[in-house]
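Trainee:
Right, dumping it as structure tokens:
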């Protein structure tokens, strides 16, 4: 149980286009989902926290207009990178938690974004 | 606020040798502690977690960690490593409350030499 999927696993796009990444909890309802960004050989940096049906909470320094997050249901959150540029190229990972018991986060397999 | 320090960015060891990956944390409140492993181009997999109770925690793949409150440490150990243990290891902390965010350490790259 507690499986989180991400789609796509890898995406290459042209500079200036928008890219949508989906994060799904397959066998549980996720009250909260998190979006992380990871540069090569670095740790995960939290970008934002999203709760179903409400606006996402962004970490300091993360542009909310550039990284649009929607958490429309208890099993789906999406991250849209708008007007992507080469510096947005990174590994994006989502996680989900039920908010019950202790707050273990279940991580997705990640999405590799390359902006040309 | 919490923070996590992984002092070793890289740890090279020979196959079948023991290994210890160090992790220290800082927090003014009680926390949960985790170790995650990340293989190349993959997401994170939970190795083990400390919530409460016994300070020695056993995880998957033969790893274990010991919670030391007085030294605010949560070092990860394995008595005999295998080539397949080559990966990035992250120590993480989160506080007692629902859906608190996880703070990750900078990671330690474990490389196993034959």
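Residue numbers (the numbering used here), protein chains in the order written: chain A, 6 to 121; chain B, 1417 to 1530.
Ideal Cβ placement from N, Cα and C applies to all residues, glycine included.
Determine, using beta carbons only, whether residue 1509 of chain B and residue 1419 of chain B come nearer to each other than 9 Å.
Mentor: Yes, Cβ-Cβ distance for residue 1509 of chain B and residue 1419 of chain B is below 9 Å.
Trainee: For residue 97 of chain A, does the count of other Cβ atoms within 10 angstroms reach 16, so buried, or fall short, so exposed?
Mentor: By the neighbour-count rule (16 or more Cβ atoms within 10 Å), residue 97 of chain A is buried.
Trainee: How would you write the range of the beta strand (DSSP E) that residue 96 of chain A sits in, first residue to last?
Mentor: Residue 96 of chain A -> beta strand (DSSP E) spans 95–102.
Trainee: I'd like to know if residue 1529 of chain B contacts chain A, where contact means its C-beta is closer than 9 Å to some C-beta of that chain.
Mentor: So no, residue 1529 of chain B is outside the interface.
Trainee: Using only the alpha-carbon positions, how far apart do residue 95 of chain A and residue 40 of chain A sit?
Mentor: Answer to the nearest angstrom: the Cα atoms are 12 Å apart.
Trainee: Should residue 1440 of chain B be flagged as near chain A, meaning a C-beta pair shorter than 9 Å?
Mentor: By this cut-off, residue 1440 of chain B is not an interface position.
Trainee: Whole angstroms is fine: what's the gap from residue 33 of chain A's alpha carbon to residue 83 of chain A's?
Mentor: Spanning the two alpha carbons is a distance of roughly 17 Å.
Trainee: Is there a Cβ from chain B that is less than 9 Å from the Cβ of residue 114 of chain A?
Mentor: So yes, residue 114 of chain A belongs to the interface.
Trainee: Terminal residues of the continuous beta strand (DSSP E) containing residue 1436 of chain B?
Mentor: Per DSSP, residue 1436 of chain B belongs to the beta strand (DSSP E) from 1435–1437.
Trainee: Would a check of beta-carbon distances place residue 51 of chain A closer than 9 Å to chain B?
Mentor: With 9 Å as the cut-off, residue 51 of chain A counts as an interface residue toward chain B.
Trainee: Apart from the five residues just before and just after residue 1430 of chain B, which ones in its own chain have a Cβ nearer than 7 Å to its Cβ?
Mentor: For residue 1430 of chain B, where only same-chain residues beyond five positions count, the Cβ hits under 7 Å are 1529.
Trainee: With a threshold of 16 other CB atoms inside 10 Å of the CB of residue 115 of chain A, please say whether the residue is buried or exposed.
Mentor: Residue 115 of chain A is buried by the Cβ-count criterion.
Trainee: In the DSSP assignment, the beta strand (DSSP E) including residue 1447 of chain B goes from what residue to what residue?
Mentor: Start and end: 1447–1454.
Trainee: DSSP state of residue 91 of chain A, grouped into three classes?
Mentor: Note: residue 91 of chain A maps to helix in three-state DSSP.
Trainee: Output needed for residue 1472 of chain B: all residues of its chain with C-beta closer than 6 Å, excluding positions within five of it in sequence on either side, in chain order.
Mentor: So the qualifying residues of the chain are 1482.
Trainee: Mind reading off the beta-carbon distance from residue 1448 of chain B to residue 1461 of chain B? Whole number of angstroms is fine, and I expect it under 8 Å.
Mentor: Rounded, the Cβ-Cβ distance is 17 Å, inconsistent with contact.
Trainee: Counting contacts by CB-CB distance shorter than 9 Å, is residue 109 of chain A in contact with chain B?
Mentor: Closer than 9 Å to some Cβ of chain B, the Cβ of residue 109 of chain A qualifies, so yes.
Trainee: Using a Cβ-Cβ cutoff of less than 8 Å, which residues in the same chain neighbour residue 55 of chain A once the five nearest sequence positions on both sides are dropped?
Mentor: Hits under 8 Å: 37, 38, 39, 40, 61, 62, 74, 75, 76 and 82.
Trainee: Select from the segment 1477–1507 of chain B all residues with a C-beta closer than 7 Å to any C-beta belonging to chain A, and list them in chain order.
Mentor: Residues passing the 7 Å Cβ filter: 1506.
Trainee: State the DSSP-derived secondary structure class of residue 1518 of chain B, mapped to helix, strand or coil.
Mentor: Reduced to three states, the DSSP call for residue 1518 of chain B is coil.
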